[in-house]
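Chemist: What follows is a single structure, and I will ask about it in a moment.
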Amino acid sequence: MTPPPSPLVTFARVSLGYGEFTVLRDIDLRVMPGQVVAMMGGSGSGKTTLLRAVTGQLRAQSGDIAVFGQDMAGLRGEPLREIRQRMGVLFQGGALFTDLNVFENVAFPLREHTCISEGQILEKVLDKLQAVGLRHAAHLRISEISGGMARRVALARAVVLEPELILYDEPFAGLDPISLGITAQLIRTMTDQLGCASILITHDVAESFAIADQVYLIGQGRLIAQGTPAQLSAAQDDYLQQFLQGRPDGPIGFHYPQTPAFDRWLTTQRGLA
Ligand SMILES: Nc1ncnc2c1ncn2[C@@H]1O[C@H](COP(=O)(O)OP(=O)(O)OP(=O)(O)O)[C@@H](O)[C@H]1O
Ligand SMILES: [Mg+2]
Numbered sequence: 023m024t025p026p027p028s029p030l031v032t033f034a035r036v037s038l039g040y041g042e043f044t045v046l047r048d049i050d051l052r053v054m055p056g057q058v059v060a061m062m063g064g065s066g067s068g069k070t071t072l073l074r075a076v077t078g079q080l081r082a083q084s085g086d087i088a089v090f091g092q093d094m095a096g097l098r099g100e101p102l103r104e105i106r107q108r109m110g111v112l113f114q115g116g117a118l119f120t121d122l123n124v125f126e127n128v129a130f131p132l133r134e135h136t137c138i139s140e141g142q143i144l145e146k147v148l149d150k151l152q153a154v155g156l157r158h159a160a161h162l163r164i165s166e167i168s169g170g171m172a173r174r175v176a177l178a179r180a181v182v183l184e185p186e187l188i189l190y191d192e193p194f195a196g197l198d199p200i201s202l203g204i205t206a207q208l209i210r211t212m213t214d215q216l217g218c219a220s221i222l223i224t225h226d227v228a229e230s231f232a233i234a235d236q237v238y239l240i241g242q243g244r245l246i247a248q249g250t251p252a253q254l255s256a257a258q259d260d261y262l263q264q265f266l267q268g269r270p271d272g273p274i275g276f277h278y279p280q281t282p283a284f285d286r287w288l289t290t291q292r293g294l295a
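If you use the numbering used here, the sequence shown corresponds to residues 23 to 295, in order.
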């Protein structure tokens with residue numbers, strides 16, 4: 023009998039924030055191999071903050087974070103670098119190197135982190151560009167490709183080291199509906215083909231519900247809901263339904279919350295005026 027698979031990422035009662043400011047409290051979550059897990063929430067709710075905690079850029083204020091079975095709290099230097107090499111990250115905005123062409127952008131992580139031959143780099147990069155439909159764009163400069171194509175190049179770059187875990191921060195931002203659907207399907211097929219797991223950070227309900235195994239919704243500084251897309255669609259929660267239906271009225275506030283840091287800043291400004 024094969025043992026049950028271990029989670030790739032586990033958060034147990036995790037609080038995250040910056041200095042005195044706590045963005046999220048008491049977060050429990052789990053990402054299993056093979057899963058696409060969508061993290062949803064309004065702007066400023068803490069999605070990118072969560073991603074930074076998975077990559078170890080941000081430490082938990084309290085609670086425990088384990089990635090690939092390792093406790094992230096004490097991890098620094100080489101062991102942290104090794105963990106990061108097992109992850110692919112598509113950063114918000116997906117910045118490409120504009121002075122390199124498409125091919126060199128995707129080849130970059132291979133040159134940085136492996137010692138494989140030029141021949142192997144060529145084959146691997148063309149293979150990943152093929153997967154995102156851009157094999158024949160390998161020679162183009164970044165200034166010569168569209169925004170949607172750039173997103174796909176960034177996707178190919180994020181998976182070129184064949185990571186066990188891929189983190190996508192807003193991969194759909196600024197894409198037209200067709201590119202958006204294609205990108206979402208690519209995330210699903212990449213996950214299935216590589217046998218990895220994907221954490222998908224997005225506002226886009228329809229596309230993420232179409233491809234995700236599990237969905238987490240954060241807001242008001244906490245985890246509001248979690249479940250399969252079908253479970254969440256059926257749940258009776260005002261916040262959840264407001265988010266899913268994109269209604270402007272409801273418990274989700276539009277205004278950034280007032281903090282002591284703002285009050286101090288305003289007092290200083292008024293003192294100067
Ligand atoms: N480096 C930082 N230092 C201090 N506060 C930060 C920092 N980065 C983010 N924040 C704050 O943390 C909160 C969550 O930000 P985060 O970037 O995680 O939101 P988000 O859900 O990714 O939003 P968006 O959908 O707009 O990308 C915000 O209130 C933001 O102001
Ligand atoms: Mg963000």
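Positions of the beta carbon are idealized from the N, C-alpha and C atoms, including for glycine.
From the DSSP secondary-structure annotation, give me the bridge partner or partners of residue 88.
Modeler: In the sequence shown, residue 88 corresponds to position 66, counting from 1. According to DSSP, which records beta bridges pairwise, residue 88 is partnered with 32 and 93.
Chemist: DSSP three-state label for residue 246, please.
Modeler: What you label residue 246 is simply residue 224 of the sequence shown in a count that begins at 1. In the structure shown, residue 246 sits in a strand (DSSP, three-state: E or B).
Chemist: As a quick exercise: from 241, 227 and 244, pick the residue whose alpha carbon is nearest that of residue 250.
Modeler: The residue you call residue 250 lines up with position 228 of the sequence shown. The shortest Cα separation from residue 250 among 241, 227 and 244 belongs to 227.
Chemist: With DSSP run on the structure shown, which of helix, strand or coil describes residue 119?
Modeler: One-based indexing of the sequence shown puts residue 119 at position 97. It is coil, neither helix nor strand.
Chemist: Just the residues with CB closer than 7 Å to a heavy atom of ligand 2, in chain order, which are they?
Modeler: My final list is 69, 70, 114, 191, 192 and 223.
Chemist: Applying the criterion that 16 or more other CB atoms from any shown protein chain within 10 Å of the CB defines a buried residue, is residue 99 buried or exposed?
Modeler: As a working mapping, residue 99 is identified with position 77 in the sequence shown. Counting Cβ neighbours within 10 Å, residue 99 comes out exposed, since fewer than 16 surround it.
Chemist: According to DSSP, simplified to helix, strand and coil, what is residue 154?
Modeler: Translated into the one-based positions of the sequence shown, residue 154 becomes position 132. Residue 154: coil per DSSP, three-state reduction.
Chemist: To which residues does DSSP link residue 206 through a beta bridge?
Modeler: Here residue 206 is taken as the residue at index 184 of the sequence shown, counted from 1. Partner(s): none; residue 206 has no beta bridge.
Chemist: Who pairs with residue 241 in a beta bridge, going by DSSP?
Modeler: Here residue 241 refers to the residue found at position 219 when the sequence shown is read from its first residue. BP columns for residue 241 point to 244.
Chemist: By the 10 Å Cβ neighbour count, where 16 or more other Cβ atoms means buried, how is residue 200 classified, buried or exposed?
Modeler: Position 178 of the sequence shown holds residue 200. Residue 200 is exposed by the Cβ-count criterion.
Chemist: Return the first residue and the last residue of the alpha helix (DSSP H) that residue 169 is part of.
Modeler: Taking the sequence shown and counting its residues from 1, one reaches residue 169 at position 147. 169–181 is the span of the alpha helix (DSSP H), which, as asked, contains residue 169.
Chemist: Which residue comes first and which comes last in the alpha helix (DSSP H) that contains residue 284?
Modeler: Mapped onto the sequence shown, residue 284 falls at position 262. Its alpha helix (DSSP H) spans residues 282–294.
Chemist: Less than 7 Å between C-beta atoms, sequence neighbours within five positions excluded: which residues of the same chain meet that for residue 128?
Modeler: Here residue 128 is taken as the residue at index 106 of the sequence shown, counted from 1. Around residue 128: 147, 150, 151, 175, 178, 179 and 182.
Chemist: Using DSSP bridges, identify the partner residues of residue 191.
Modeler: Here residue 191 refers to the residue found at position 169 of the sequence shown. DSSP, once it has assigned bridges, lists 223 as partnering residue 191.
Chemist: If I measure Cβ to Cβ from residue 67 and keep anything under 6 Å in the same chain, skipping five residues before and after, which residues do I get?
Modeler: Walking along the sequence shown from the start, residue 67 turns up at place 45. Correct list, in chain order: 240 and 241.
Chemist: To the nearest angstrom, how far is the alpha carbon of residue 292 from that of residue 279?
Modeler: Here residue 292 is taken as the residue at index 270 of the sequence shown, counted from 1. Here residue 279 is taken as the residue at index 257 of the sequence shown, counted from 1. When rounded, the distance between both Cα atoms is 20 Å.
Chemist: Would you kindly check if the distance between the Cβ of residue 95 and the Cβ of residue 81 is under 9 Å?
Modeler: Counting from 1 along the sequence shown, the entry for residue 81 is found at position 59. Counting from 1 along the sequence shown, the entry for residue 95 is found at position 73. Against a cut-off of 9 Å, the Cβ pair of residue 95 and residue 81 comes out as a contact.
Chemist: I'd like to know if the segment 129–137 and the segment 242–261 are in contact, where contact means that at least 3 CB-CB pairs between them fall below 8 Å.
Modeler: Flag = no, the segment 129–137 and the segment 242–261 do not touch.
Chemist: Which word fits residue 229, buried or exposed, when buried means at least 16 other C-beta atoms lie within 10 angstroms of its C-beta?
Modeler: Here residue 229 corresponds to residue number 207 of the sequence shown, with the count starting at 1. Result: buried.
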